[in-house]
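Each residue of the sequence shown is one higher than the last, beginning at 1310 in the numbering used here. Data block below; observations after.
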Amino acid sequence: MKRSATGAYEVTAVGGETVRAFIPRPLPPQPALDLSGQVQPLLERALLALGRLDSVSILLPDTDLFLYSYVRKEAVLSSQIEGTQSSLCDLLLFEMEQAPGAPLDDVVEVSGYVRALEHGLARLRAGLPLSSRLIREVHAKLLARGRGSDKDPGEFRRSQNWIGGTRPGNAVFVPPPHIAVAGCISDLERFLHDDRDDLPVLIKAALAHLQFETIHPFLDGNGRVGRLLITLILCNAHVLREPLLYLSLYFKENRAEY
1310 MKRSATGAYE
1320 VTAVGGETVR
1330 AFIPRPLPPQ
1340 PALDLSGQVQ
1350 PLLERALLAL
1360 GRLDSVSILL
1370 PDTDLFLYSY
1380 VRKEAVLSSQ
1390 IEGTQSSLCD
1400 LLLFEMEQAP
1410 GAPLDDVVEV
1420 SGYVRALEHG
1430 LARLRAGLPL
1440 SSRLIREVHA
1450 KLLARGRGSD
1460 KDPGEFRRSQ
1470 NWIGGTRPGN
1480 AVFVPPPHIA
1490 VAGCISDLER
1500 FLHDDRDDLP
1510 VLIKAALAHL
1520 QFETIHPFLD
1530 GNGRVGRLLI
1540 TLILCNAHVL
1550 REPLLYLSLY
1560 FKENRAEY
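Structure below.
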């Protein structure tokens, strides 16, 4: 199937130099994704695996104890992708108010991930829809303390950011200009709540994750919030009763491809 472009570049001036910022087109993709052929059996296997994983939450004798360590292990791995050196042991020592072995900033950063996930799930269970408001609240919890706390926690960026390189002019990728961020996030929010596209929830979570990372709406913490978004989508859709699916280990082991 021949696909159309997924977005367009906008030439803009940043810091006295010209850059090409990428603005993604709204989801779902046009033309529609072709999920037949080799994709269909892979999707069926993935959904079957998710069902088996979800059943674990019923069979465990103490789900809360399992989730306590499981969520924290994911927090460590997701933060390590961003360069922290904290271990699970460091985080547990920190939460027990003992001195961790890793730098304090690293452990505080990982602890913020735990708070962000727990807050996001609690808000969904209380009836708040999966929305830009929830995403900003999760980001605020993530960066409430430590590194990144000076990067406007809970607020979409008001300046240009970039990925790779030392400035936008030599970056590997330049996300949308800040004036386009609100519109891009609104489009993403509409996609998350649109039931007319008939996309399987796994495909929808993957597309939403990719779109969020492409928009890169915050000055810091985009990678971690984007990975949290996958878990929040699956729990919100009741595919998982508990936050049992974490992909950070796979992403870390395949970082270059990711």
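A virtual CB, placed ideally from N, CA and C, is assigned to each residue, including glycine.
Check                                                                                                                                                                          : Outcome
Suppose contacts are defined by Cβ-Cβ distances below 7 Å. Is residue 1539 in contact with residue 1518 by that definition?                                                    : yes
How many whole angstroms separate the CB atoms of residue 1534 and residue 1448, which I take to be in contact at a CB cut-off of 8 Å?                                         : 5 Å
Give me the residue from 1493, 1479, 1455, 1474 with the minimum Cα distance to residue 1466.                                                                                  : 1493
Is it buried or exposed, residue 1488, if we count other Cβ atoms within 10 angstroms and call 16 or more buried?                                                              : exposed
Helix, strand or coil, according to DSSP, for residue 1567 in the structure here?                                                                                              : coil
With distances taken from CA atoms, which of 1547, 1554, 1548, 1350 is nearest residue 1536?                                                                                   : 1554
I need the boundaries of the alpha helix (DSSP H) containing residue 1446, first residue and last residue.                                                                     : 1441 to 1451
Per DSSP, residue 1560 forms a beta bridge with which residues?                                                                                                                : Answer is none; residue 1560 lacks a bridge partner.
Taking only the alpha-carbon atoms, compute the straight-line gap between residue 1332 and residue 1326 and give it to the nearest angstrom.                                   : 19 Å
With burial defined as no fewer than 16 other Cβ atoms inside 10 Å of the residue's Cβ, what is the status of residue 1343: buried or exposed?                                 : exposed
So residue 1457 and residue 1530 are supposed to be a Cβ contact under 8 Å. How far apart are they, rounded?                                                                   : 6 Å
Leaving out the 5 sequence neighbours to the left and right, which residues in its chain are closer than 8 Å to residue 1472 when beta-carbon positions are compared?          : 1480, 1481, 1482, 1483, 1484, 1525
Evaluate residue 1364 with the Cβ neighbour count: other Cβ atoms within 10 Å of its Cβ, from every protein chain shown; 16 or more gives buried, anything less gives exposed. : exposed
Thinking just about the alpha-carbon of each residue, which of 1404, 1371, 1439 is nearest to the one in residue 1546?                                                         : 1439
May I have the straight-line CA-CA distance separating residue 1380 from residue 1491, to the nearest angstrom?                                                                : 30 Å
By DSSP's criteria, residue 1326 is part of a beta bridge. Which residues make up the other side?                                                                              : 1323
Excluding the 5 residues flanking residue 1474 on each side, which residues of the same chain have their C-beta closer than 7 Å to its C-beta?                                 : 1480, 1481
In this structure, how does DSSP classify residue 1462 when only helix, strand and coil are distinguished?                                                                     : coil
Who are residue 1316's beta bridge partners in DSSP?                                                                                                                           : 1333
Would you mind giving the Cβ-Cβ distance between residue 1506 and residue 1337, rounded to the nearest angstrom? I have them listed as a contact below 8 Å.                    : 5 Å
For residue 1318, collect the residues of the same chain with a Cβ closer than 6 Å to its Cβ; drop the 5 residues on either side in sequence, then sort them by chain order.   : 1329, 1331
DSSP has residue 1472 in a bridge; who is on the other side?                                                                                                                   : 1482
Output the distance between the C-alpha atoms of residue 1399 and residue 1384, rounded to the nearest integer angstrom.                                                       : 12 Å
Give me the Cα-Cα distance between residue 1310 and residue 1351, rounded to the nearest whole angstrom.                                                                       : Per-residue confidence for residue 1310 stands at a pLDDT of 43, beneath the threshold of 50, marking its modelled position as unreliable; no derived number is given.
With DSSP run on the structure shown, which of helix, strand or coil describes residue 1341?                                                                                   : coil
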